[in-house]
Amino acid sequence: MSAHRGSYDPNNPVLLQNTIRPVSIKNMDGKSPRYNQRPDSVGGSLGIDRENKDQECCFVLLLKIENFKEYLAEISCCAWLNNIPLVAFLVGILILLAVLIISPFLIVSLIIRGYSSISLNDSQAVEIIRAQSSWPSADISLHIRSLKSMIPPNVTLCRGYGFSCTNLPSLIIGTLQRCDGVEDCPDGSDEIGCKLCHTTVNCSSSIHGVISSRHSMCLRGYRLCDGNVDCLDGSDEEHYCRKECSKYEERCGKTGICLAQEQMCDGDVQCKYGEDEKNCNGKCHGGALWCEGKKKCIPKWQICNGIQNCPDGKDEMDCTCRECSGIGKALCNNSNVCIERSKVCDGNEDCPGGDDEINCPGSCAHIPKEDFIRCRDGILYHKKYACSGILSECEGKCSECFKEMAFTCNNHKCIKRSLVCDGLDDCGDYSDETNCNCSIMKRVGETMQCKVYTRGETTKCILFSQRCDGYEDCPDGEDERNCEKCINPNAVYCEPTKTCLVSTKRCDGVSDCPDNNDEQRCSCAECQKHGFPIYMCTNAAKCFRRHEVCNPYTQCPNASEVDKLFCASQARQNAFFAVKKV
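Sequential numbering from 688 applies to the sequence shown in the numbering used here.
Okay, here's the thing in structure tokens:
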């Protein structure tokens, strides 16, 4: 083969370019032939001596790459390689090698990042970034400290216990909800490979397609003898479904279901009409708990799950972290009571002693208990609000009514002042419908009339001294409109609408005035008087109803890090429950 640019001959010096000195290639005996050539000659050959060993090796490598390239080009699908320069081919090979080396590490990194991004563990740090126009403050990037700071000191989130779902490790199922016959994980992994069932009904399960006696399938009672084969061996439709039961078994009426003694009174209804859960008389099986208030057994999987299934809350008492585990639960340290995670720092005391509301973001120092009344819904209301006649839950709980808003009936019932003399017996003893004659009232002082629509269109008389005092005596509140000022110092004057508002509308978390005057310069004492949980902003004398302060970001003016962090924790809780519902 004649030497030309880009060609080569294994037995002759290689000429790669006219501007590059050629190099001789070793003969078959391994020795390099020497060629006499002037050092500065171009286009000739140059003998390689020992000092040029490294250069020789380099060109040998290039030759082998060129041979490999030609080999690939001989394949019909790769003929296009003939058109690629050697240098470009070499660069491509190096890039390919680099990709192959880096790929495993990159894949592992992405997997770790993926798990981190979906991790919903409260101990994880969060970074929130919003546009400057969205934050009330100028700080648009907030590196939030651990969400542990949102948990009161005497409340524990029981980490390290429970079952982590296979396809969603961030979703933790409680220990007693693992193998309870219901799939709580989206992939159902909490019901796979069960060695111990929290139900009294179980059968052999399959591991990798093979029936295993070491692992069980846990079943709830309603799946017995329902016509659907759930067990691989069909025992749920054969073993329990017989016409004749043994002397050690109990029969479900006439339905043809035979149950063992330990399956009776286990809190799980197996019989069609619930015969197996009747007449238990305080004795329960299968880890169930007797509930005196309901005269029934609470099943094992409903114990220490954060939800009171027994009126006295007995099923959530004396719990450990193992039992009160899983997303959505919290343990009161001083009482060992298990509550729902969403009830921590919600403004209502759920732990005995109120441990779940101590040192919470947006909370105020507790007002003395004597200023509050616990109504039938179990919530503490300030006396001023509870005895205003607007809360039916507090009826009969007040020794006296809040005179500014309520009328005290002869039977000590509190009703709204606007209901007096409306033609209806709201008190129940007609005491609110006496002395309603306008002529009688005129003897006391100047009166005004307002419309009443309870029994057709009629009129009601009130004293003129009751106008613009902040308390609505007319059914539609017309006596508090078109006021130049309020005659009652406790009333709130709304200048844009020239309306007088009752004092309980001040600092209740809702703007009743267009200029927001009723929600300015609020104190904790004022905000706490209302019948709902409040959130007190850190850097502003303003409070919100606790469930409305995050929308989803904090509504607090000049929001502090704590205000923002509180809403971040609320968003994460919502994400937990959204994932669990999927």
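Yeah, the Cβ is synthetic: ideal placement off N, Cα and C, and Gly gets one too. Note that the structure is predicted; figures quoted are calculated from it, not measured.
- Taking all protein chains in view, the Cβ of Thr1121 is surrounded by fewer than 16 other Cβ atoms within 10 Å, so the residue is classified as exposed.
- In the DSSP assignment, Lys1129 falls within the alpha helix (DSSP H) that extends over Cys1125 to Lys1129.
- Under the DSSP definition of a beta bridge, Ile1026 partners with Ala1017.
- Annotation: Val1197 to Ile1221 spans about 11 Å, alpha carbon to alpha carbon.
- Here the alpha carbons of Leu784 and Leu777 stand approximately 11 Å from one another.
- By the neighbour-count criterion, in which 16 or more other beta carbons inside 10 Å mark a residue as buried, Gln1153 falls on the buried side.
- For a cut-off of 8 Å, the C-beta gap from Glu1091 to Ser1190 is around 7 Å, short enough to register as a contact.
- If you keep only unbroken beta strand (DSSP E) runs of at least 3 residues inside the segment 928-997, you get 936-938, 945-947, 976-978 and 983-985.
- DSSP places Tyr1222 in the uninterrupted beta strand (DSSP E) bounded by Ile1221 to Met1223.
- Counted as a single uninterrupted DSSP element, the stretch harbouring Lys1229 is not any beta strand (DSSP E), since DSSP gives it neither H nor E.
- DSSP places Ser1210 outside both helix and strand once states are collapsed to three, so it counts as coil.
- Sixteen is the threshold: when 16 or more other Cβ atoms of the shown chains lie within 10 Å of the Cβ of Ala1255, as they do, the residue is buried.
- Taking C-beta atoms as the reference points, Ile860 and Gly1013 count as a pair closer than 8 Å.
- Rounded to whole angstroms, the separation of the alpha carbons of Leu858 and His926 is 36 Å.
- Here DSSP, grouped into helix, strand and coil, assigns Val1139 to strand.
- Annotation for Ala1093: the continuous beta strand (DSSP E) segment containing it runs Ala1093 to Thr1095.
- Assigned with DSSP and collapsed to three states, Asn1169 falls in coil, not helix or strand.
- Spanning the alpha carbons of Cys1194 and Ile879 requires a straight line of approximately 53 Å.
- In this structure, DSSP gives Ile1174 a state outside helix and strand, which the three-state scheme calls coil.
- For secondary structure counted as the beta strand (DSSP E) over 3 or more consecutive residues, the segment 857-886 holds no complete run.
- Counting other Cβ atoms within 10 Å of its Cβ, Thr887 reaches 16 or more and is therefore classed as buried.
- Cβ-Cβ distances below 7 Å link Glu1165 to Cys1137 in the same chain, with the five nearest sequence neighbours on each side left out; the list follows chain order.
- Excluding the 5 residues flanking it on each side, Ala1052 has same chain C-beta neighbours closer than 8 Å at Cys1211, in chain order.
- Straight-line measurement puts the Cα of Glu937 at about 16 Å from the Cα of Lys970.
- For Tyr1072, the uninterrupted alpha helix (DSSP H) segment begins and ends at Lys1070 to Ala1073.
- The Cβ atoms of Ile1026 and Pro840 do not sit closer than 8 Å to each other.
- The way I'd put it, the segment 1072-1082 doesn't touch the segment 1230-1241; fewer than three beta-carbon pairs between them come closer than 8 Å.
- For Ile1060, the enclosing beta strand (DSSP E) has its first and last residue at Phe1059 to Arg1061.
- When secondary structure is reduced to three states using DSSP, Tyr909 falls in the helix class.
- Judged by their CB atoms, Cys1114 and Ile1127 are not nearer to each other than the 8 Å cut-off.
- In the DSSP assignment, Thr1241 is bridged to Cys1237.
- With contacts defined by Cβ atoms closer than 8 Å, Asp1042 and Asn1021 form a contacting pair.
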